[in-house]
Amino acid sequence: MNNSNTPILQWEEGAGWLVLSGGVDSLSDIRALALNRMIPDGEIVYIGVDEDSAEEVIEDMGELGATTGFLVNVLAEDDESITEQISKASLIVIPAETDPRELQSILKGAALKSIKQAYKLGAVVLVEGDCASIFGHLYVVDGTGYDGFGWLRGALIVPGVTSVSDSDAAMDVLSANAASIAIGIGVGSALVLGPSGGVETWGLGEVTVVLGRG
Numbered sequence: 003m004n005n006s007n008t009p010i011l012q013w014e015e016g017a018g019w020l021v022l023s024g025g026v027d028s029l030s031d032i033r034a035l036a037l038n039r040m041i042p043d044g045e046i047v048y049i050g051v052d053e054d055s056a057e058e059v060i061e062d063m064g065e066l067g068a069t070t071g072f073l074v075n076v077l078a079e080d081d082e083s084i085t086e087q088i089s090k091a092s093l094i095v096i097p098a099e100t101d102p103r104e105l106q107s108i109l110k111g112a113a114l115k116s117i118k119q120a121y122k123l124g125a126v127v128l129v130e131g132d133c134a135s136i137f138g139h140l141y142v143v144d145g146t147g148y149d150g151f152g153w154l155r156g157a158l159i160v161p162g163v164t165s166v167s168d169s170d171a172a173m174d175v176l177s178a179n180a181a182s183i184a185i186g187i188g189v190g191s192a193l194v195l196g197p198s199g200g201v202e203t204w205g206l207g208e209v210t211v212v213l214g215r216g
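In case it helps, the working numbering puts the sequence shown at residues 3 to 216.
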């Protein structure tokens, strides 16, 4: 049973903001809001492995008023370079260009440590689409569960759904007590978690929660 004094949502502590986007929508202002939330005149870093996809995101962010950012290809660069580029960023963007399992694999190590360091110092970490799922306790791909990074404790994050109770995978996970909470985040919506227990929804606001039995 949940203690009434225990917050339903518990996440990685830091001075920054974790923005979990259910996916990009042309009518959504999530990226613009992330820009407004970041430390003024700070550096913007895009994490990925596909230069063409990154260029599209960088161009879109530029149209929203972003200063010129740069791609950190975590497959091509060494740990020292990755750490130097990411750890001092004010906005870190992880677009939905990669399978969540592949992304989790390539972020482990220097990249994840640097993201966490920047976040603790006040960076905004914007994770989009299916890639947002890996920041939960676990995530599901094609019916198989995988351990996530655990930034959102005990949670299964399900991007791209407007009602998490309609997700068979989420209900199966909760029934098996593999997670204590399932969170659905619709396309064009974002769950935003910040310092001092700050919780917000951005965009279309389609964020739904179902608690487990534990």
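The beta carbon of each residue, even a glycine, is placed where N, CA and C say it ideally should be.
| Taking the C-alpha atoms as reference points, what is the distance between Leu-206 and Ala-192? | Mapped onto the sequence shown, residue 206 falls at position 204. Mapped onto the sequence shown, residue 192 falls at position 190. Looking at the two C-alpha atoms, the distance is approximately 8 Å.
| field | Close-in-space but distant-in-sequence residues of the same chain around Gly-24 (CB under 6 Å, 5 per side omitted) | value | As a first step, residue 24 must be located in the sequence shown, where it is residue number 22. These residues qualify, in order along the chain: Pro-161, Gly-162, Ile-187, Gly-188, Val-189 and Ser-191.
| request: Kindly confirm or deny that the region 11-20 and the region 117-135 touch, where touching means at least three C-beta pairs closer than 8 Å. | output: In this structure the region 11-20 lies against the region 117-135, because at least three pairs of beta carbons, one per stretch, are closer than 8 Å.
| task | Would you mind working out which of Asp-31, Arg-39, Ser-28 and Ser-30 sits nearest Pro-2, comparing C-alpha positions? | result | The question about residue 2 has no answer here: the residues shown for the chain are numbered 3 through 216.
| Got a sec, what are the start and stop residues for the beta strand (DSSP E) Asp-182 sits in? | The residue you call residue 182 lines up with position 180 of the sequence shown. Strictly speaking, residue 182 in this sequence is Ser, with Asp absent from that position. Neither: Ser-182 is in no beta strand (DSSP E) and is coded neither H nor E.
| Contacts around Arg-155, its chain only, beta-carbon distance under 7 Å, and the 5 residues preceding and following it disregarded | Here residue 155 refers to the residue found at position 153 when the sequence shown is read from its first residue. Excluding the 5 residues flanking it on each side, Arg-155 has same chain C-beta neighbours closer than 7 Å at Gln-12, Trp-13 and His-139, in chain order.
| message | Short of 6 Å in beta carbon distance, which residues of its chain neighbour Ile-96, apart from the five on each side in sequence? Order them along the chain. | response | Within the sequence shown, the letter at position 94 stands for residue 96. Contacts found: Ile-49, Val-129 and Cys-133.
| said: Using a 10 Å radius around the Cβ and a threshold of 16 neighbouring Cβ atoms, would you call Met-3 buried or exposed? | reply: Within the sequence shown, the letter at position 1 stands for residue 3. With a pLDDT of only 34 at Met-3, under the threshold of 50, the placement of this residue in the model should not be trusted, and no figure is reported.
| Whose CA, out of Ala-184, Thr-69 and Val-142, lies closest to the CA of Gly-214? | Within the sequence shown, the letter at position 212 stands for residue 214. Ranking the options by Cα distance to Gly-214, first place goes to Ala-184.
| field | As assigned by DSSP and simplified to three states, the class of Ser-135 | value | As a first step, residue 135 is located in the sequence shown; it is residue number 133 there, counting from the start. Three-state result, Ser-135: helix.
| field | Uninterrupted alpha helix (DSSP H) stretches inside the region 87-125 (no shorter than 4 residues) | value | 102-109 and 112-122
| If you count every other CB in all the chains shown that lies within 10 Å of the CB of Val-201, and 16 or more means buried, which is it? | Here residue 201 is taken as the residue at index 199 of the sequence shown, counted from 1. By the 10 Å Cβ count, Val-201 comes out exposed.
| task | Starting from Ile-159, trace the beta strand (DSSP E) both ways and give me its first and last residue. | result | Position 157 of the sequence shown holds residue 159. DSSP places Ile-159 inside the beta strand (DSSP E), whose first and last residues are 154-161.
| field | Spatial distance of Gln-106 from Ala-34 (CA atoms) | value | Stepping through the sequence shown from its first residue, residue 106 is reached at position 104. Stepping through the sequence shown from its first residue, residue 34 is reached at position 32. Rounded to whole angstroms, Gln-106 to Ala-34 spans 26 Å at the Cα level.
| query | Which two residues bound the contiguous alpha helix (DSSP H) that contains Ala-34? | reply | Against the sequence shown, residue 34 aligns to sequence position 32. Start and end: 32-39.
| said: Please return the same chain residues whose Cβ sits closer than 6 Å to the Cβ of Glu-15, not counting the five positions on each side in sequence. | reply: Here the question's residue 15 lines up with position 13 in the sequence shown. For Glu-15, same chain residues with a beta-carbon under 6 Å away, outside a window of 5 residues either side, do not exist.
| request: With DSSP collapsed to three states, give me the class of Val-59. | output: Start at 1 with the first residue of the sequence shown, and residue 59 comes out as number 57. Correct three-state label for Val-59: helix.
| field | Residue burial classification, Ala-157 (beta-carbon count within 10 angstroms, cutoff 16) | value | Within the sequence shown, numbered from 1, the residue matching residue 157 stands at position 155. So Ala-157 counts as buried.
| field | Environment of Glu-99 [buried if 16+ CB atoms lie within 10 Å] | value | Locating residue 99 in the sequence shown gives position 97, counting from the first residue. Glu-99 is buried by the Cβ-count criterion.
| With 16 as the cutoff for other CB atoms within 10 Å, does Ala-78 come out buried or exposed? | Looking up residue 78 in the sequence shown gives position 76. By the 10 Å Cβ count, Ala-78 comes out exposed.
| request: Please check if any C-beta of chain C sits within less than 8 Å of the C-beta of Asp-149. | output: Here there is only one protein chain, and chain C is not present.
| Sequence-distant residues of its chain with Cβ nearer than 7 Å to Arg-103 (five each side left out) | Position 101 of the sequence shown, counting from 1, holds the residue named residue 103. If we look at Arg-103 and ignore the five residues flanking it on each side, its Cβ neighbours are Val-143 and Tyr-148.
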